[in-house]
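Quick notes on the structure that follows.
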């Protein structure tokens, strides 16, 4: 029996993600062949990255902890990454 797989990878990150080196996470993912997919019309938009890892199509999303009792909002945690 084949294991059940999902194609999404959710990564939990801090509210502010530091840039290490000269490139942002967005730039590194695009250079690795992932395509940003804008999933909302908000400013900043919800973005996921779609691409291929070892022959499997995947979707990568970055999540952060929401503080307080406010509505869900989109937060830019790093330039180009929301």
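Numbering (this note's numbering), first residue to last: 662 to 743. Glycine included, every Cβ here is placed at the ideal spot set by N, Cα and C. Source: prediction; values computed, not measured.
{"Asked": "Simplified DSSP assignment, three categories, for residue 719", "Found": "strand"}
{"Asked": "Neighbourhood of residue 740 by C-beta, 6 Å cutoff - its chain only, sequence neighbours within 5 removed", "Found": "685"}
{"Asked": "Beta bridge counterpart(s) of residue 697 as assigned by DSSP", "Found": "710"}
{"Asked": "Alpha-carbon to alpha-carbon, residue 703 and residue 682", "Found": "29 Å"}
{"Asked": "Residue range of the beta strand (DSSP E) that includes residue 672", "Found": "669-674"}
{"Asked": "Same chain, Cβ closer than 6 Å to residue 718, neighbours up to 5 away in sequence not counted", "Found": "668"}
{"Asked": "Residues near residue 677 in its chain [Cβ-Cβ closer than 8 Å; skip 5 each side]", "Found": "738, 739"}
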